[in-house]
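Numbering (the working numbering), first residue to last: 48 to 651.
Here the structure comes first, spelled out in C-alpha cells, and everything after it is commentary.
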Ligand code: UGB
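Structure representation (C-alpha cells):
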C-alpha cells in the first residue's frame, strides 16, 4: 500500500501508530484519507497513550464501513452529491405538479370493502409483516420501548402482543397454517428491550424462527459540504439515526427479503410501532393490491391540512409521473409553488385534497426484491442541513444522510404501479406519539392528538364498528376530556383478532343484541357466538375461549362493570398510565374463561 500520505505533518501521530494497526484497518484509514478525511486521524497520541480509544475508534469506523452498502467511502460520496444539490437549492419537485393519485376509497364499510377483505383474507399465508421500531418515544414521555406500551388498559395489552396476536390469528385462518413472517427493525436504543420483551413473553406465542430481528445502525454525522465526517472528540465520531428507510437496506443486506420471496411470500405489510389499527386494514389492503395489481399500496386517511403526516400525490412533469408521499414539511411549499398559492389548506370537503400517509405500506415482494437488488437497498437518501447563512457554506451543527421507508417508489419505473387505499381514520391510523400536554395542545389547535388516550379510544371505536356492521345496536356514551384529551366513555369493545379479522367473520358470529353507554365487551376466541346479547349501563362482559371451546352467549347482562378512574396530571402512577391520565377498575364485570375444548352456553 502507498503510505506516503502519512508523511503529512498532521498525520505524524498516525504514522507513529501505523505498525500497530491491522492490515484491513490500515486499508480503510488510507481510503478515508484519500477521501479528504485526514482530520479524523490528525493529532493522534504517541503509541502507548490512549491506545484503547484508538482501537475503539478504528473498530467503529470498520463497523460502519461494513454496515453501509458501498462502505464509508460510498456514504461520503453520496453525502457530497446530496450536499452539493442542497447548496444549489435544487428543488426535488422541480417541474412536477401534484395531482390526485390512483386511489381506492374504503372509508365506508361497503360491499366493495368486504369483497376486498375476502380476497385478502384468502391470502394470509402469503403476507409477511415488517414492523419498524427503531425510534424512541421521546415525544411521548415514555422511557421504555414503545412496543411495550399498552394499547388498551382494560387488559393492558402491549402493542407487541397485539401485533403478535394478529399474526397468530392470520396463521390460524390460513389453509397452510404457515407461520406469518414477522420482521422487526430495532435500533441500538430499542433492540435489547425488544428482545427482552419477546423472550420474557415466549415470543407471545409466535415461533422464534418466524421472527427476524434486524438492527439498524447509526450513520456518521457530516461537518461540511465536502462530506467531512464529524468528530465528537478525538477518536469519537458523531453518529446519528439514518431514519426508518433503513428497513429496506436491512431487508436487502440480511437477505431476508429474498429469503421470504423464495419461501412463497407475496406481500410485505410495513407497519409503525404504535399504530394499533394497522391490522384492521390488512385484509382489505391486500385485496386492493391483488385486485388492482399494485406493487406499492400506501394506506391513507383523509388528511387534516397541516397535520404531521405526509400527503400522497401523483407528481406529473418532465415527461414522467409517479405517486409519492410528499413529507409534511415539503407539502405546503410544493402546493404554493404549483397548484395553490394558499398552500396546505382544506378543499370543500374540509380535508386536504391529498390523502394522508399512515406509513402503513403494502409492497409486492417480487417487485421489492428486484428494486432492492438494483439499489442495494439505499432508498432515496436525502440531507437536510441547517446552514449558518444564505451562502450555505457552513452548517449550524453536523448533519447526516436520512432515508424514509415510504420513499421506495422514488426508484420505480413505468412498469411499477403505485396506488393509495383510503380508510377511515379510526380504523386505520391512530398512532401513539404525543404526551398528554402536547396532545391537549394539539386538540386545542384543532388537530388530532395522536396520543395514548386517543389510540385507546380508537381501539374501542373499531370494536364498536365491527359490532355495528354485524347488526348489533350500538349506542355511544358521551365524550369526556381527560387532561384536555377527548375520550369516549363507551362502549369499550375489544374484539381480539382470534374472534374476528374481517367484517364477515364478525357478522357470522354476532346476531342482534345491543350494547350501550359505558358497557364493556371483550371477546377472545375463534368460536364465540353472541345471540341477542344486551349490555347496558356500565356492564362488563369478558369471554375468552381456547381453541376447541365453542361458546354461545345469550341474554341481557347487568353488573357494575369497569369504571374509568381519572388520575390527574400529577398522579404518582406508572408511565403507561401517566401518558393517558386514567385507568380502569373492575367493579364486578362478568368474566368467563374456557380453557378446555367443549361446548358451552352462557345465559344471563
Ligand atoms: N423509526 C425507526 O424504526 N427508525 C428510525 O430511525 C426512525 C423511526 P416517527 P415520522 O405516521 O404520523 C412518519 O418518528 O418519521 C420508526 C412518516 O414519515 O414516529 O415523524 C419508529 O419507531 C410520516 O409521513 O414518525 O413520520 C416508528 O415506528 C407520517 O406518516 C416509525 O419509524 C408519520 O410517520 C415512524 O417514526 C406518522
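Don't be surprised by glycine CBs; every beta carbon is placed ideally from N, CA and C.
No experiment lies behind these values; they were computed from the predicted model shown.
task: Go through its chain and collect everything with a Cβ distance to residue 390's Cβ below 7 Å, but skip five positions before and after it.
output: As a first step, residue 390 must be located in the chain shown, where it is residue number 343. Excluding positions up to five away in sequence, the list reads 379, 382, 383.
Residue 482 burial status per 10 Å Cβ neighbour count (16 or more: buried): Here the question's residue 482 lines up with position 435 in the chain shown. Answer is buried; the Cβ neighbour count reaches 16.
- prompt: Hey, how far is the Cα of residue 320 from the Cα of residue 182?
  reply: Taking the first residue of the chain shown as 1, we reach residue 320 at position 273. Taking the first residue of the chain shown as 1, we reach residue 182 at position 135. Rounded to whole angstroms, residue 320 to residue 182 spans 8 Å at the Cα level.
task: Would you kindly work out how many angstroms separate the C-alpha atoms of residue 556 and residue 251, rounded to a whole number?
output: In the chain shown, counting from the first residue as 1, residue 556 sits at position 509. In the chain shown, counting from the first residue as 1, residue 251 sits at position 204. One C-alpha to the other measures close to 26 Å.
- request: For residue 262, verify whether its CB is less than 8 Å away from any heavy atom of the ligand UGB.
  value: The residue given as residue 262 occupies position 215 in the chain shown. Checking the Cβ of residue 262 against the ligand UGB gives no.
query: Could you give the uninterrupted runs of the beta strand (DSSP E) lying entirely in the region 580-647, keeping only those of 3 residues or more?
result: Look at the region 580-647 and you find these whole runs of beta strand (DSSP E), each 3 residues long or longer: 587-592, 596-604, 609-613, 629-633, 637-641.
task: Name the one or two DSSP bridge partners that residue 174 has.
output: In the chain shown, the residue the question calls residue 174 occupies position 127. Answer by DSSP bridge pairing, in chain order: 314.
message: Could you tell me the alpha carbon to alpha carbon distance between residue 166 and residue 85, rounded to whole angstroms?
response: Here the question's residue 166 lines up with position 119 in the chain shown. Here the question's residue 85 lines up with position 38 in the chain shown. Going by the C-alpha atoms only, they are around 59 Å apart.
task: May I ask you to report which of helix, strand or coil DSSP gives residue 337?
output: The count along the chain shown starts at 1 and reaches residue 337 at position 290. In the structure shown, residue 337 adopts helical secondary structure according to DSSP, grouped into three states.
query: Beta-carbon separation of residue 164 and residue 569 under 9 Å?
result: Counting from 1 along the chain shown, the entry for residue 164 is found at position 117. Counting from 1 along the chain shown, the entry for residue 569 is found at position 522. Contact: no.
query: Helix or strand or just coil, what does DSSP make of residue 490?
result: Your numbering for residue 490 matches position 443 in the chain shown. DSSP places residue 490 in helix when its eight states are reduced to three.
task: Pick helix, strand or coil for residue 364, following the three-state DSSP scheme.
output: Reading the chain shown from its first residue, position 317 is the one you call residue 364. Residue 364: strand per DSSP, three-state reduction.
message: Short of 6 Å in beta carbon distance, which residues of its chain neighbour residue 193, apart from the five on each side in sequence? Order them along the chain.
response: For the purposes of this step, residue 193 is taken as residue 146 along the chain shown, with counting starting at 1. Contacts found: 184, 320, 321.
message: Give me the DSSP bridge partner(s) of residue 469.
response: Start at 1 with the first residue of the chain shown, and residue 469 comes out as number 422. The partner list for residue 469 (beta bridge, DSSP) reads 152, 347.
field: residue 231 beta carbon less than 9 Å from that of residue 174
entry: The count along the chain shown starts at 1 and reaches residue 174 at position 127. The count along the chain shown starts at 1 and reaches residue 231 at position 184. Note that the C-beta distance between residue 174 and residue 231 is not below 9 Å.
task: Mark residue 114 as exposed unless 16 or more other C-beta atoms lie within 10 angstroms of its C-beta, in which case mark it buried.
output: Taking the first residue of the chain shown as position 1, residue 114 is located at position 67. The residue is buried, with at least 16 neighbouring Cβ atoms inside 10 Å.
message: If I follow the unbroken beta strand (DSSP E) through residue 146, where does it start and stop?
response: Within the chain shown, numbered from 1, the residue matching residue 146 stands at position 99. Looking at the DSSP string, the run of the beta strand (DSSP E) that includes residue 146 is 144-146.
- request: Could you work out which residue in 393, 228, 65 is closest to residue 494 when comparing CA atoms only?
  value: Numbered from 1 along the chain shown, position 447 holds the residue referred to as residue 494. For the residues 393, 228, 65, the minimum Cα distance to residue 494 belongs to 393.
Nonlocal neighbours in the same chain, by C-beta distance under 6 Å from residue 325, ignoring five residues either side: Walking along the chain shown from the start, residue 325 turns up at place 278. Excluding sequence neighbours, residue 325 sits near 318, 407.
- prompt: Does the count of Cβ pairs from the region 108-126 and the region 77-94 closer than 8 Å reach three?
  reply: yes
query: Closer than 8 Å: is that where the CB of residue 626 sits relative to any heavy atom of the ligand UGB?
result: Along the chain shown, read from residue 1 onward, the residue named residue 626 stands at position 579. No, Cβ of residue 626 sits at least 8 Å from all heavy atoms of the ligand UGB.
Best match in 414, 496, 458, 618 for proximity to residue 341 [C-alpha to C-alpha]: For the purposes of this step, residue 341 is taken as the residue at position 294 of the chain shown. It is 414.
message: Given 8 Å as the limit, tell me if residue 128 has its C-beta closer than that to any heavy atom belonging to the ligand UGB.
response: What you label residue 128 is simply residue 81 of the chain shown in a count that begins at 1. No, the Cβ of residue 128 stays beyond 8 Å of every heavy atom of the ligand UGB.
message: Checking 9 Å against the spacing of the C-beta atoms, do residue 221 and residue 171 come in under that value?
response: Taking the first residue of the chain shown as 1, we reach residue 221 at position 174. Taking the first residue of the chain shown as 1, we reach residue 171 at position 124. Yes, these two residues count as a Cβ contact at 9 Å.
field: Range of the contiguous beta strand (DSSP E) that encloses residue 540
entry: Sequence index remark: in the chain shown, residue 540 carries index 493 (1-based). Element bounds for residue 540: 539-542.
task: Below 7 Å CB to CB, which residues in the same chain sit around residue 78 once its five sequence neighbours on both sides are set aside?
output: Within the chain shown, residue 78 is the residue found at index 31, counting from 1. Excluding sequence neighbours, residue 78 sits near 120.
- request: Round the Cβ separation of residue 565 and residue 584 to the nearest angstrom and send it over; I've been treating them as touching at under 8 Å.
  value: For this step, residue 565 is matched to residue 518 along the chain shown. For this step, residue 584 is matched to residue 537 along the chain shown. The Cβ separation is near 7 Å, so the contact holds.
task: Buried or exposed for residue 48, please, with buried defined as at least 16 other CB atoms from any protein chain shown within 10 angstroms of its CB.
output: The sequence position of residue 48 within the chain shown is 1, counting from 1. Exposed.
message: Check this for me: beta carbons of residue 466 and residue 369, under 9 Å apart or not?
response: Taking the first residue of the chain shown as 1, we reach residue 466 at position 419. Taking the first residue of the chain shown as 1, we reach residue 369 at position 322. Cβ atoms of residue 466 and residue 369: not closer than 9 Å.
- prompt: Between the region 246-260 and the region 49-62, do three or more beta carbon pairs fall short of 8 Å?
  reply: no
- prompt: Is the beta carbon of residue 57 less than 9 Å from the beta carbon of residue 90?
  reply: Taking the chain shown and counting its residues from 1, the one referred to as residue 57 is at position 10. Taking the chain shown and counting its residues from 1, the one referred to as residue 90 is at position 43. Yes. Within cutoff.
message: At the level of alpha carbons, what is the spacing between residue 532 and residue 500?
response: Indexing the chain shown from 1 puts residue 532 at position 485. Indexing the chain shown from 1 puts residue 500 at position 453. Whole-angstrom Cα-Cα distance: 7 Å.
message: For the ligand UGB, I want to know if residue 235 counts as a neighbour, meaning its beta carbon is within less than 8 Å of at least one of the ligand's heavy atoms.
response: In the chain shown, the residue the question calls residue 235 occupies position 188. Not under cutoff, so the answer is no.
- prompt: Any chance the CB of residue 427 is under 8 Å from a heavy atom of the ligand NAP?
  reply: As presented, the structure is devoid of the ligand NAP, carrying the ligand UGB as its sole ligands.
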